[in-house]
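For what it's worth, our numbering labels the leading residue of the sequence shown as 330, then goes sequentially. Note that CB positions come from ideal geometry on N, CA and C, so glycine has one too. Computed from a predicted model, the values in this text were never measured in an experiment.
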Amino acid sequence: MGAVRITTADGQAVTVASQTDTVPAWAQRYLGGWWNAEPTTELHGPSVFADLDETKLLALAAAVEQGDAETVEYAGAHLLVVRDGQMVTAVQEDRSLAYRWDENLRMLRIVGTDETDLATAAARLARELVRAHLLADGWFILHASAVTGADGATILTLGDKGAGKTTTSLALARAGWRLLANDRIFARVDEHGVVRVLPWPSAAAYGFGLLEAHDLYEVVRTRLASGEQMHPTQHQKVTDALLAGRREPLWKANGKELKPQLWPDQLTSWLSMPLAAEGHAVGVLYPQITAGAEPRLIESDRGVQPGDFFDETTEDRYPDIFGLLPAPGDRTLLTEHLDALLHQGLVMNHDAAANAAVLKEAVARLGA
(Lines of atoms letter the chains of each structure in order from A and count residues from 1; the text may use other names and numbers.)
(Lines give C-alpha, C1' and ligand atoms only; values in the text may rest on other atoms or scores of the structure.)
Protein backbone atom coordinates (compact mmCIF):
# COMPACT_ATOMS: atom_id res chain seq x y z
CA MET A 1 0.00 0.00 0.00
CA GLY A 2 1.29 3.45 -0.93
CA ALA A 3 0.65 6.49 1.24
CA VAL A 4 1.45 10.20 1.36
CA ARG A 5 1.29 12.58 4.31
CA ILE A 6 -0.13 16.02 3.51
CA THR A 7 0.84 18.80 5.95
CA THR A 8 0.16 22.53 5.95
CA ALA A 9 2.76 25.11 6.96
CA ASP A 10 0.82 25.37 10.25
CA GLY A 11 1.10 21.62 10.96
CA GLN A 12 -2.38 20.28 10.17
CA ALA A 13 -2.07 16.93 8.42
CA VAL A 14 -3.90 14.07 6.72
CA THR A 15 -2.73 10.76 5.25
CA VAL A 16 -3.88 9.49 1.85
CA ALA A 17 -3.36 5.76 1.27
CA SER A 18 -4.28 3.26 -1.45
CA GLN A 19 -3.40 -0.04 -3.05
CA THR A 20 -3.43 1.93 -6.31
CA ASP A 21 -0.24 3.99 -6.71
CA THR A 22 -2.04 6.66 -8.72
CA VAL A 23 -4.03 7.80 -5.67
CA PRO A 24 -1.21 8.98 -3.36
CA ALA A 25 0.75 10.26 -6.36
CA TRP A 26 -2.27 12.31 -7.42
CA ALA A 27 -2.72 13.75 -3.92
CA GLN A 28 0.97 14.63 -3.80
CA ARG A 29 0.74 16.46 -7.12
CA TYR A 30 -2.57 18.19 -6.40
CA LEU A 31 -1.85 19.28 -2.83
CA GLY A 32 1.94 19.29 -2.62
CA GLY A 33 2.51 22.52 -4.52
CA TRP A 34 1.04 24.61 -1.72
CA TRP A 35 1.12 22.16 1.21
CA ASN A 36 3.89 19.72 2.05
CA ALA A 37 3.37 16.20 0.68
CA GLU A 38 5.76 13.36 1.51
CA PRO A 39 5.55 9.56 1.16
CA THR A 40 4.95 7.83 4.48
CA THR A 41 4.58 4.38 6.00
CA GLU A 42 2.85 5.66 9.15
CA LEU A 43 -0.93 5.44 8.89
CA HIS A 44 -2.27 7.44 11.82
CA GLY A 45 -4.48 10.44 12.47
CA PRO A 46 -7.11 11.68 9.99
CA SER A 47 -6.89 9.47 6.92
CA VAL A 48 -8.35 8.83 3.49
CA PHE A 49 -8.19 5.26 2.17
CA ALA A 50 -9.17 5.02 -1.49
CA ASP A 51 -9.24 1.82 -3.56
CA LEU A 52 -10.65 0.29 -6.73
CA ASP A 53 -13.23 -2.16 -5.39
CA GLU A 54 -16.45 -2.79 -7.29
CA THR A 55 -17.77 -5.26 -4.72
CA LYS A 56 -17.43 -2.78 -1.86
CA LEU A 57 -18.86 -0.03 -4.07
CA LEU A 58 -22.01 -2.04 -4.73
CA ALA A 59 -22.34 -2.92 -1.05
CA LEU A 60 -22.17 0.72 0.02
CA ALA A 61 -24.59 1.72 -2.74
CA ALA A 62 -27.05 -0.89 -1.49
CA ALA A 63 -26.69 0.40 2.08
CA VAL A 64 -27.52 3.91 0.93
CA GLU A 65 -30.52 2.77 -1.09
CA GLN A 66 -31.92 0.96 1.95
CA GLY A 67 -31.55 4.03 4.16
CA ASP A 68 -33.26 7.40 4.36
CA ALA A 69 -31.03 9.11 1.82
CA GLU A 70 -30.92 12.79 0.95
CA THR A 71 -29.56 14.18 -2.31
CA VAL A 72 -26.71 16.68 -2.08
CA GLU A 73 -24.75 18.39 -4.86
CA TYR A 74 -21.02 18.17 -4.19
CA ALA A 75 -18.31 19.37 -6.60
CA GLY A 76 -20.75 19.23 -9.50
CA ALA A 77 -21.99 15.69 -8.77
CA HIS A 78 -25.16 14.50 -7.07
CA LEU A 79 -24.59 12.33 -3.99
CA LEU A 80 -27.09 10.23 -2.07
CA VAL A 81 -26.18 10.53 1.61
CA VAL A 82 -27.24 8.50 4.66
CA ARG A 83 -26.23 9.43 8.22
CA ASP A 84 -26.22 6.91 11.06
CA GLY A 85 -24.71 8.19 14.29
CA GLN A 86 -20.95 8.59 13.82
CA MET A 87 -21.09 7.00 10.36
CA VAL A 88 -21.90 8.76 7.08
CA THR A 89 -22.28 6.81 3.84
CA ALA A 90 -22.65 8.40 0.41
CA VAL A 91 -22.77 7.22 -3.18
CA GLN A 92 -22.79 9.15 -6.43
CA GLU A 93 -26.01 8.80 -8.37
CA ASP A 94 -24.18 7.17 -11.25
CA ARG A 95 -22.64 4.70 -8.75
CA SER A 96 -19.11 5.47 -9.87
CA LEU A 97 -17.92 6.33 -6.34
CA ALA A 98 -18.98 5.55 -2.78
CA TYR A 99 -17.80 7.00 0.51
CA ARG A 100 -17.96 6.03 4.19
CA TRP A 101 -16.83 8.38 6.93
CA ASP A 102 -16.19 7.02 10.44
CA GLU A 103 -16.05 9.89 12.92
CA ASN A 104 -14.67 7.70 15.72
CA LEU A 105 -11.69 6.65 13.60
CA ARG A 106 -11.43 9.98 11.72
CA MET A 107 -11.17 7.83 8.60
CA LEU A 108 -12.79 8.20 5.19
CA ARG A 109 -13.05 5.18 2.92
CA ILE A 110 -13.59 5.81 -0.81
CA VAL A 111 -14.19 3.05 -3.34
CA GLY A 112 -14.76 3.24 -7.07
CA THR A 113 -14.13 1.63 -10.42
CA ASP A 114 -12.32 4.43 -12.29
CA GLU A 115 -8.76 5.30 -11.30
CA THR A 116 -8.94 8.98 -12.23
CA ASP A 117 -12.27 9.55 -10.48
CA LEU A 118 -10.97 7.76 -7.39
CA ALA A 119 -7.75 9.75 -7.22
CA THR A 120 -9.56 13.05 -7.78
CA ALA A 121 -12.04 12.31 -4.99
CA ALA A 122 -9.30 11.22 -2.58
CA ALA A 123 -7.33 14.45 -3.04
CA ARG A 124 -10.45 16.59 -2.76
CA LEU A 125 -11.62 14.91 0.45
CA ALA A 126 -8.13 14.95 1.95
CA ARG A 127 -8.29 18.71 1.53
CA GLU A 128 -11.65 18.71 3.33
CA LEU A 129 -10.15 16.91 6.32
CA VAL A 130 -7.38 19.48 6.49
CA ARG A 131 -9.94 22.26 6.15
CA ALA A 132 -11.83 20.87 9.15
CA HIS A 133 -8.63 20.84 11.22
CA LEU A 134 -7.72 24.39 10.19
CA LEU A 135 -11.17 25.76 11.01
CA ALA A 136 -11.09 24.01 14.38
CA ASP A 137 -7.76 25.73 15.02
CA GLY A 138 -9.27 29.16 14.41
CA TRP A 139 -8.64 29.70 10.70
CA PHE A 140 -11.26 31.14 8.34
CA ILE A 141 -11.70 30.82 4.57
CA LEU A 142 -11.78 34.02 2.54
CA HIS A 143 -12.88 34.41 -1.07
CA ALA A 144 -9.64 36.13 -2.07
CA SER A 145 -6.55 35.82 -4.19
CA ALA A 146 -3.09 36.37 -2.73
CA VAL A 147 0.53 36.81 -3.75
CA THR A 148 3.58 36.72 -1.51
CA GLY A 149 6.98 38.38 -1.58
CA ALA A 150 10.28 36.76 -0.70
CA ASP A 151 9.93 37.85 2.94
CA GLY A 152 6.42 36.40 3.27
CA ALA A 153 4.70 39.80 2.99
CA THR A 154 1.38 39.03 1.32
CA ILE A 155 -0.99 41.17 -0.73
CA LEU A 156 -4.63 40.06 -0.62
CA THR A 157 -7.17 40.91 -3.30
CA LEU A 158 -10.83 41.08 -2.31
CA GLY A 159 -13.92 41.93 -4.30
CA ASP A 160 -17.21 40.68 -5.62
CA LYS A 161 -17.40 38.07 -8.37
CA GLY A 162 -15.83 39.46 -11.54
CA ALA A 163 -14.00 42.26 -9.73
CA GLY A 164 -10.61 41.00 -10.88
CA LYS A 165 -9.18 38.84 -8.09
CA THR A 166 -7.77 36.22 -10.45
CA THR A 167 -6.58 38.84 -12.94
CA THR A 168 -4.74 40.67 -10.16
CA SER A 169 -3.01 37.59 -8.76
CA LEU A 170 -1.97 36.40 -12.22
CA ALA A 171 -0.54 39.80 -13.14
CA LEU A 172 1.39 40.12 -9.89
CA ALA A 173 2.66 36.54 -10.09
CA ARG A 174 3.88 37.24 -13.62
CA ALA A 175 5.67 40.30 -12.21
CA GLY A 176 7.71 38.23 -9.76
CA TRP A 177 5.47 37.65 -6.76
CA ARG A 178 4.79 34.09 -5.60
CA LEU A 179 1.23 32.90 -6.08
CA LEU A 180 -0.43 31.87 -2.82
CA ALA A 181 -4.02 31.60 -4.03
CA ASN A 182 -6.27 32.31 -7.01
CA ASP A 183 -9.65 32.19 -5.32
CA ARG A 184 -9.57 31.06 -1.67
CA ILE A 185 -7.25 31.48 1.28
CA PHE A 186 -7.15 30.46 4.92
CA ALA A 187 -6.55 33.40 7.28
CA ARG A 188 -6.13 33.80 11.03
CA VAL A 189 -4.89 36.46 13.45
CA ASP A 190 -2.00 35.05 15.49
CA GLU A 191 -0.98 35.88 19.06
CA HIS A 192 1.09 38.82 17.81
CA GLY A 193 -1.79 40.41 15.93
CA VAL A 194 -0.43 39.34 12.54
CA VAL A 195 -2.85 38.09 9.88
CA ARG A 196 -1.35 34.80 8.77
CA VAL A 197 -2.38 33.32 5.43
CA LEU A 198 -2.31 29.77 4.07
CA PRO A 199 -3.26 28.55 0.57
CA TRP A 200 -6.28 26.49 -0.47
CA PRO A 201 -4.77 24.03 -2.98
CA SER A 202 -6.75 23.65 -6.18
CA ALA A 203 -6.52 23.45 -9.93
CA ALA A 204 -6.21 26.90 -11.52
CA ALA A 205 -8.80 28.11 -14.02
CA TYR A 206 -7.91 30.91 -16.43
CA GLY A 207 -10.14 32.10 -19.25
CA PHE A 208 -8.92 32.23 -22.84
CA GLY A 209 -8.99 36.02 -22.80
CA LEU A 210 -6.86 36.30 -19.67
CA LEU A 211 -4.30 33.83 -21.02
CA GLU A 212 -4.16 35.66 -24.33
CA ALA A 213 -3.76 39.05 -22.65
CA HIS A 214 -0.69 37.77 -20.80
CA ASP A 215 0.79 35.99 -23.84
CA LEU A 216 0.15 32.62 -22.21
CA TYR A 217 -2.42 31.13 -24.57
CA GLU A 218 0.21 29.78 -26.97
CA VAL A 219 2.27 28.47 -24.05
CA VAL A 220 -0.67 26.39 -22.85
CA ARG A 221 -1.73 25.33 -26.35
CA THR A 222 1.80 24.21 -27.27
CA ARG A 223 2.20 22.19 -24.08
CA LEU A 224 -1.13 20.48 -24.63
CA ALA A 225 -0.39 19.80 -28.31
CA SER A 226 2.92 18.18 -27.35
CA GLY A 227 1.04 15.53 -25.38
CA GLU A 228 1.09 16.93 -21.85
CA GLN A 229 -2.15 16.54 -19.91
CA MET A 230 -4.13 19.29 -18.22
CA HIS A 231 -6.26 18.80 -15.12
CA PRO A 232 -9.09 16.29 -15.76
CA THR A 233 -11.78 18.74 -14.60
CA GLN A 234 -11.16 20.63 -17.85
CA HIS A 235 -14.10 20.26 -20.23
CA GLN A 236 -13.40 18.45 -23.49
CA LYS A 237 -14.68 21.49 -25.42
CA VAL A 238 -11.86 23.53 -23.89
CA THR A 239 -9.28 20.91 -24.84
CA ASP A 240 -10.61 20.79 -28.40
CA ALA A 241 -10.56 24.60 -28.68
CA LEU A 242 -6.98 24.81 -27.42
CA LEU A 243 -5.77 22.16 -29.84
CA ALA A 244 -7.54 23.95 -32.70
CA GLY A 245 -6.12 27.33 -31.66
CA ARG A 246 -9.55 28.87 -31.03
CA ARG A 247 -9.59 31.76 -28.58
CA GLU A 248 -13.27 32.63 -28.35
CA PRO A 249 -14.72 32.11 -24.84
CA LEU A 250 -16.83 29.00 -24.29
CA TRP A 251 -19.89 29.03 -22.05
CA LYS A 252 -21.98 26.56 -20.08
CA ALA A 253 -25.75 26.63 -20.38
CA ASN A 254 -25.90 28.37 -16.99
CA GLY A 255 -23.76 31.25 -18.26
CA LYS A 256 -20.50 30.25 -16.59
CA GLU A 257 -17.37 30.31 -18.70
CA LEU A 258 -15.58 27.06 -19.52
CA LYS A 259 -11.90 27.66 -18.80
CA PRO A 260 -8.58 25.85 -19.18
CA GLN A 261 -7.73 23.99 -15.96
CA LEU A 262 -4.11 23.64 -14.88
CA TRP A 263 -2.49 21.47 -12.25
CA PRO A 264 -0.83 23.52 -9.48
CA ASP A 265 2.66 22.45 -10.60
CA GLN A 266 1.89 23.63 -14.15
CA LEU A 267 1.56 27.17 -12.84
CA THR A 268 5.30 27.02 -12.27
CA SER A 269 6.48 24.69 -15.04
CA TRP A 270 4.22 26.14 -17.77
CA LEU A 271 3.48 29.70 -16.69
CA SER A 272 6.68 30.45 -14.71
CA MET A 273 4.80 31.42 -11.56
CA PRO A 274 6.33 30.08 -8.31
CA LEU A 275 3.96 29.14 -5.49
CA ALA A 276 3.93 30.19 -1.83
CA ALA A 277 3.07 27.92 1.11
CA GLU A 278 2.29 30.67 3.63
CA GLY A 279 2.48 34.39 4.25
CA HIS A 280 1.43 37.32 6.43
CA ALA A 281 -0.94 39.94 5.08
CA VAL A 282 0.40 43.48 4.76
CA GLY A 283 -2.20 45.05 2.48
CA VAL A 284 -5.43 44.60 0.55
CA LEU A 285 -6.29 45.51 -3.04
CA TYR A 286 -9.87 46.21 -4.14
CA PRO A 287 -9.88 46.06 -7.96
CA GLN A 288 -12.58 46.79 -10.51
CA ILE A 289 -12.39 45.64 -14.12
CA THR A 290 -14.11 47.94 -16.61
CA ALA A 291 -13.62 47.34 -20.33
CA GLY A 292 -12.31 50.45 -22.05
CA ALA A 293 -11.60 52.32 -18.83
CA GLU A 294 -8.22 53.88 -18.12
CA PRO A 295 -6.33 51.88 -15.48
CA ARG A 296 -5.90 54.10 -12.45
CA LEU A 297 -5.84 54.19 -8.67
CA ILE A 298 -9.08 55.09 -6.90
CA GLU A 299 -10.26 55.56 -3.34
CA SER A 300 -12.08 52.55 -1.91
CA ASP A 301 -14.05 52.26 1.31
CA ARG A 302 -15.34 48.77 0.51
CA GLY A 303 -13.72 46.98 3.42
CA VAL A 304 -14.15 43.31 4.26
CA GLN A 305 -17.75 42.15 3.82
CA PRO A 306 -19.63 39.09 5.11
CA GLY A 307 -19.74 37.68 1.57
CA ASP A 308 -15.94 37.58 1.50
CA PHE A 309 -16.05 34.62 3.89
CA PHE A 310 -16.89 31.05 2.99
CA ASP A 311 -19.22 29.44 5.52
CA GLU A 312 -22.13 27.02 5.55
CA THR A 313 -24.38 29.63 3.92
CA THR A 314 -22.01 30.66 1.11
CA GLU A 315 -20.21 27.38 0.35
CA ASP A 316 -21.70 26.43 -3.00
CA ARG A 317 -19.28 23.77 -4.25
CA TYR A 318 -18.02 21.78 -1.26
CA PRO A 319 -20.86 21.46 1.31
CA ASP A 320 -19.99 19.64 4.52
CA ILE A 321 -21.71 16.36 3.66
CA PHE A 322 -19.71 14.29 6.16
CA GLY A 323 -20.12 16.63 9.13
CA LEU A 324 -16.40 17.35 9.31
CA LEU A 325 -16.49 21.06 10.04
CA PRO A 326 -16.76 22.69 13.46
CA ALA A 327 -19.35 25.32 14.32
CA PRO A 328 -18.52 28.68 12.71
CA GLY A 329 -16.17 30.83 14.76
CA ASP A 330 -16.39 34.54 15.48
CA ARG A 331 -14.65 36.33 12.61
CA THR A 332 -14.88 39.81 14.15
CA LEU A 333 -11.20 39.92 15.15
CA LEU A 334 -10.02 38.85 11.70
CA THR A 335 -12.31 41.34 9.99
CA GLU A 336 -11.03 44.17 12.18
CA HIS A 337 -7.39 43.30 11.52
CA LEU A 338 -7.96 43.02 7.77
CA ASP A 339 -9.75 46.38 7.70
CA ALA A 340 -6.83 47.91 9.62
CA LEU A 341 -4.35 46.92 6.91
CA LEU A 342 -3.31 49.38 4.23
CA HIS A 343 -5.69 49.11 1.30
CA GLN A 344 -5.93 50.47 -2.23
CA GLY A 345 -8.66 50.56 -4.85
CA LEU A 346 -7.88 50.45 -8.55
CA VAL A 347 -9.53 50.24 -11.94
CA MET A 348 -8.21 47.85 -14.59
CA ASN A 349 -9.21 46.96 -18.13
CA HIS A 350 -8.22 44.11 -20.47
CA ASP A 351 -4.80 45.57 -21.36
CA ALA A 352 -2.27 43.49 -19.42
CA ALA A 353 0.57 46.00 -19.82
CA ALA A 354 -1.53 48.93 -18.62
CA ASN A 355 -2.85 46.86 -15.72
CA ALA A 356 0.68 45.86 -14.73
CA ALA A 357 1.68 49.51 -14.48
CA VAL A 358 -1.21 50.50 -12.23
CA LEU A 359 -0.75 47.36 -10.11
CA LYS A 360 2.89 48.26 -9.55
CA GLU A 361 1.79 51.66 -8.33
CA ALA A 362 -0.95 50.17 -6.14
CA VAL A 363 1.42 47.70 -4.49
CA ALA A 364 3.91 50.51 -3.83
CA ARG A 365 1.14 52.43 -2.06
CA LEU A 366 0.81 49.43 0.28
CA GLY A 367 4.50 49.62 1.09
CA ALA A 368 5.21 46.22 -0.45
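If you draw a straight line from the Cα of G340 to the Cα of G574, it comes to about 44 Å. Taking 9 Å as the cut-off, the Cβ atoms of V549 and L571 count as close.
The beta strand (DSSP E) runs lying completely inside the segment 608-690 and spanning 3 residues or more are 608-618, 625-627 and 671-677, given in chain order.
For E367, the secondary structure class from DSSP, reduced to helix, strand or coil, is strand. A direct Cα-Cα distance of roughly 19 Å separates L539 from Q565. Straight-line spacing of the CA atoms in R576 and I618 works out to 20 Å. Within its own chain, the residues whose Cβ lies closer than 6 Å to the Cβ of G467, once the five positions on either side in sequence are excluded, are R517, listed in chain order. Between V352 and A448, the CB-CB gap stays under 9 Å. Taking one beta carbon from each stretch, the segment 618-634 and the segment 431-449 have fewer than 3 pairs nearer than 8 Å; the two do not touch. Per DSSP, the continuous alpha helix (DSSP H) segment holding R460 begins and ends at E444 to A465. Annotated as proximal: N684 and P624, with beta-carbon spacing under 9 Å. Taken through DSSP and simplified to helix, strand or coil, T349 comes out as coil. The alpha helix (DSSP H) runs of length 4 or more contained entirely in the segment 458-516 are, from start to end of the chain, 494-503. As the crow flies, the alpha-carbon of V417 is around 16 Å from that of A451. For T643, same chain residues with a beta-carbon under 7 Å away, outside a window of 5 residues either side, are G636 in chain order. Non-local beta-carbon contacts of H609 in its own chain, meaning distances under 7 Å to residues more than five positions away in sequence, involve G481, A482, T483, V523, V524, R525 and V526 in chain order. Cα atoms of G556 and Q563: separation of roughly 15 Å, rounded to the nearest angstrom. Here A404 carries a coil assignment [DSSP, helix/strand/coil].
With distances taken between CA atoms, L485 lies nearest to V476 out of V476, G491, A492 and E607. Boundaries of the beta strand (DSSP E) around T336: G331 to T336. The alpha carbon of A366 has as its nearest neighbour, out of E547, P375 and A354, the alpha carbon of A354. W529 carries a coil assignment under DSSP once its states are collapsed to helix, strand and coil. Annotation: V420 is outside any alpha helix (DSSP H); the continuous beta strand (DSSP E) that includes it extends over M416 to Q421.
Here the C-alpha atom of E383 lies approximately 44 Å from the C-alpha atom of G493. If you ignore the 5 residues before and after E607, its C-beta comes within less than 6 Å of the C-beta of A338 and L527, all in its own chain and listed in chain order. Residue pairing by DSSP places F378 opposite A346 and R438 in a beta bridge. Between the segment 584-602 and the segment 497-513, the count of Cβ pairs shorter than 8 Å is three or higher; the stretches touch. L381 places its beta carbon less than 9 Å from that of T349. Excluding the 5 residues flanking it on each side, V613 has same chain C-beta neighbours closer than 7 Å at L485, L487, L667, L670 and H672, in chain order. Shown here, V692 sits in a helix according to DSSP, grouped into three states. Excluding five sequence positions before and after R438, the CB atoms of its chain that fall closer than 6 Å to its own CB belong to F378 and R429, given in chain order.
With a minimum length of 4 residues, the unbroken runs of alpha helix (DSSP H) contained wholly in the segment 544-599 fall at 546-554, 565-573 and 593-598. Spatial neighbours of G374 in its own chain (CB-CB distance under 8 Å, excluding positions within 5 residues in sequence) are listed in chain order as A342, V343, T344 and R435. In this structure, the CA atom of G491 is about 24 Å from the CA atom of L663. For the 9 Å CB-CB criterion, L579 and M559 do not form a contact.
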